[in-house]
Amino acid sequence: MPPTELILQILVNGLLLGGIYAVAALGLSLVFGIMDIVNLAHGHMLMIGAYVAILLFAEAGITPLVGMFVAIVLLFLLGMALQKVLLERVVGEGIEQPIIVLFGLALVLQSLGRIVLGSDARSTDIGIPGQGIELGPVLLSFPRTVTFVVAVVLIMGTWAFLQYTTTGQAIRATSQNRDAARYMGIDTDRVYVITLGIGTALAGAAGALLSMLFPITPFVGWSYLLKAFAVVVLGGVGSVAGTLVGGLLLGVSENLGTLYLGGGIRDIISFTIFLVVLIVRPQGLFGTGGGDEE
Amino acid sequence: MGENTSNPSRRTYLKTVGAAGTVGMSSLAGCTLIGGGGESDTITIGATVPRTGQFSSLGEDVERGYRLGETLMNEQLEEDVELVLQDDESSADQVRQSLQQITSNNEVDMLWGSFSSLLVTAGSAFAENQDIPFLGAFFAFEGPHRNEGYEWTYSPFPKSRDVARSTMGLLELIPEGERPSRVGIWEPNSGWGAEQADAWESTLSDAGYEVVLRETFSLGTEDFSSLISQSKSQNVEILLSNPTPPGGITSINQMEANDYTPKVLKYVRGADPTAWWSALGQKGAYACMCPGWVPGMTGNGNSEMKTAFEEEHGLDQGQLIPTAVGGAYNVAQVALQAVQAASSPSPEDLQSALRETEFATVIGNFTFENNGLPTEGELTAPTGQWWDGGQHTVFPDVDGEEAMDFKYPMAPWSER
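Taken in order, these protein sequences are the chains called A and B. Under UniProt numbering, think of the first position of the first sequence as 1, with each following residue one higher. Under UniProt numbering, think of the first position of the second sequence as 1, with each following residue one higher.
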């Protein structure tokens, strides 16, 4: 039996990592829940966000916490353009066409990343002392704590935006019933454009945060897409609170799993959870089966 | 320097003298059996290096070593030697594709490997299939030599067993009263990862060390926090692993963030590249590695290699030759001596020469077993340690000016 201090430390590390998983999944969840589109390029949007932060840090010495806001703006514009230029033509043409378009886009982004940036692993420095704060037997590492706090703020901000702004309410109304929303005077096409913009902006923010913790290559897109899928399935499609809880659960499960079962099967742990939830409760912990959002 | 724990046997001495004599004679003569009488056939060597991808931090150094070796071969042989190199992008699939392309477009006489067990074994499989002699350094994995019945693959490089012996030798440099005993092994979930972990566990356990942690991790993982927490909890004093170079660098940053410092840290391959220091600076100090060749080694062409490197690339005051250059140059030395010993450039004659010749290279003196492994006990894997931005030989006790005393224990992060 591992000592209690070790279990606590690994639990806390898992929670801190889970916050990042949650913000990485939030954009995917929103787009999936509101637009009924599985954004297969979501992980690659995250990769672009990471590279924006990395390049700003490397070329101009801009801290990734500031670079994150640049990534958010750029990815928001990219997401809107993607909807206007590519997806608007295929949305409503069946489930396959958007998937094929986004799968192709993911491949293009990965190849472009490799050609333009090379395939070397790159990362940023958070620019604060490496060591952390001791809380009894547990050490909170500074980089993870900072990224966790920023991730939670982003998630809460997204929730507040959806809850309290007119645009947020229009997005929620559209997700509940697109036709009814249109009859009520909501420009649903505009809502879709904004939703994909927000979804990709959140991916960009997650990428910038991840660049402070882990090395980034043009190939990380698929890996984080799969993690984000696991979180979305766990928490429930379109649910902000569910995404946060799902992310935290995934982070903790992975970390505790590696303690008891070994680190070699880390990904197996997360995808076993993914499969079990799909079988036992396909709507996720916070979902109702209808793709509701908060 | 710590005491030299090895006592050269009479056989080793005779081998060394004999091999050195062979090298010296052939250098003086400047002639070979191949193409004797003025024939000028070109010897073409195909190779891939990881210019991009997870092993790219070593690719440039491997290429530099190979290019210096190509120049050496052109100086020493009557035949022209052409080295055809391609980027394998740190991908086993790309290794195969690149080698296919190279051999399709050229009459290739020999292949040289890339970097790491993953890429070298991919190249080796191609060479075995094509019946082309293959020299692969930078991989310590013994398993394929034994299990896959290699006929064309020869590995002039220390193997897992040698790395384990070198680790024990390194620890024996610490005075007995201060010597740590609690060993932790982070094992990548790969064939070589398991083999190296087994070698460390058995060698160190037999020597009285206590292996208190042996945990696996996925090769390519980016999150070492659980392993760090477990190592800290188990009070691991001697941390051993063989991560990828990016993984090694990431794990050091995470060790600092989690306030864990082992007394001894040895990362095979992970701490090999010069990128280690450029990425970590003082955080990278004290880390040990076992890269096959380390500045400080002498004899068998070491000074010639240093001169050639200085002329080609320049060396600032205090700057040392990257380790991968030596490992790659050693491959070229083996190729040179094999060509000199062969009666023709045919694959079979080169294969016979590889089996029968005793080689003297910058990493030591050795022969090959038929399965391509260096004969057990002949190569002493040097252990290097990062200090002041350079990798210095700390084990065995060698007399090169770049060698230094083993720095122990690692200073806490806050005192760097």
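No residue lacks a Cβ here, since even glycine has one placed at the ideal position from N, Cα and C.
If you draw a straight line from the Cα of residue 279 of chain B to the Cα of residue 249 of chain B, it comes to about 7 Å. Taken through DSSP and simplified to helix, strand or coil, residue 286 of chain B comes out as coil. For residue 62 of chain B and residue 325 of chain B, the gap between their C-alpha atoms comes out near 5 Å. Proximity of residue 53 of chain B to chain A, defined by a Cβ-Cβ separation below 7 Å, is satisfied. If you draw a 10 Å sphere on the C-beta of residue 156 of chain A, you find fewer than 16 other C-beta atoms in it, and that means exposed. Taking 7 Å as the threshold, the shortest C-beta distance from residue 270 of chain A to chain B does not fall below it. Non-local C-beta neighbours of residue 10 of chain A in its own chain, meaning closer than 7 Å and more than five positions away in sequence, comprise 255, 256 and 259, ordered along the chain. Within the model, the alpha-carbon separation for residue 253 of chain A versus residue 17 of chain A is close to 11 Å.
Residue state for residue 47 of chain B is assigned as strand, using DSSP reduced to three classes. Across the structure, residue 94 of chain A and residue 160 of chain B are spaced so that their CA atoms are roughly 55 Å apart. Chain B places no beta carbon closer than 7 Å to that of residue 36 of chain A, leaving this residue out of the contacts. Distance from the CA atom of residue 131 of chain B to the CA atom of residue 125 of chain B, rounded to whole angstroms, is 10 Å. Remark: C-beta atoms of residue 297 of chain B and residue 389 of chain B do not approach each other more closely than 7 Å. Under the Cβ distance rule, residue 274 of chain B does not count among the residues neighbouring chain A, no pair being separated by less than 7 Å. A residue is called buried once 16 or more other Cβ atoms fall within 10 Å of its Cβ, and residue 279 of chain A, having fewer, is exposed.
Interface with chain B (7 Å Cβ-Cβ cutoff): residue 141 of chain A is included.
Beta-bridge annotation (DSSP): residue 360 of chain B is paired with B:365. DSSP places residue 154 of chain B within a strand segment (E or B) once states are collapsed to three. Scanning chain B for C-beta atoms nearer than 8 Å to the C-beta of residue 3 of chain A yields 233, reported in chain order. For residue 144 of chain B, the enclosing alpha helix (DSSP H) begins and ends at 143 to 147. Around the C-beta of residue 266 of chain A, 16 or more other C-beta atoms lie within 10 Å, and the residue is accordingly described as buried. Secondary structure at residue 134 of chain B: strand, using DSSP grouped into helix, strand and coil. Per DSSP, the unbroken beta strand (DSSP E) holding residue 217 of chain B starts and ends at 210 to 217. Put simply, the CB of residue 120 of chain A is near chain B, with a gap under 7 Å to one of its CB atoms.
In terms of Cα proximity to residue 210 of chain B, the closest of B:201, B:216 and B:217 is B:201. Note that the C-beta distance between residue 58 of chain B and residue 243 of chain B is not below 7 Å.
In this model, residue 253 of chain B and residue 41 of chain B are separated by some 52 Å (Cα to Cα). Under the three-state reduction of DSSP output, residue 70 of chain B falls in the helix class.
Comparing alpha-carbon positions, the option among B:239, B:305, B:260 and B:221 lying closest to residue 245 of chain B turns out to be B:221. Under the Cβ distance rule, residue 370 of chain B does not count among the residues neighbouring chain A, no pair being separated by less than 7 Å. Residue 104 of chain B carries a helical assignment under DSSP once its states are collapsed to helix, strand and coil. Assignment of residue 395 of chain B by DSSP, reduced to helix, strand and coil, places it in the strand class. By a beta-carbon distance limit of 8 Å, residue 196 of chain B contacts residue 268 of chain B. Their separation comes to about 7 Å.
Inclusion of residue 143 of chain A and residue 257 of chain B in the CB contact set at 7 Å is warranted, their separation being smaller than that value. Per the C-alpha coordinates, the member of B:87, B:72 and B:153 positioned closest to residue 371 of chain B is B:153. For the segment 188 to 217 of chain A, the residues whose beta carbon sits under 7 Å from a beta carbon of chain B are, in order, 214 and 215.
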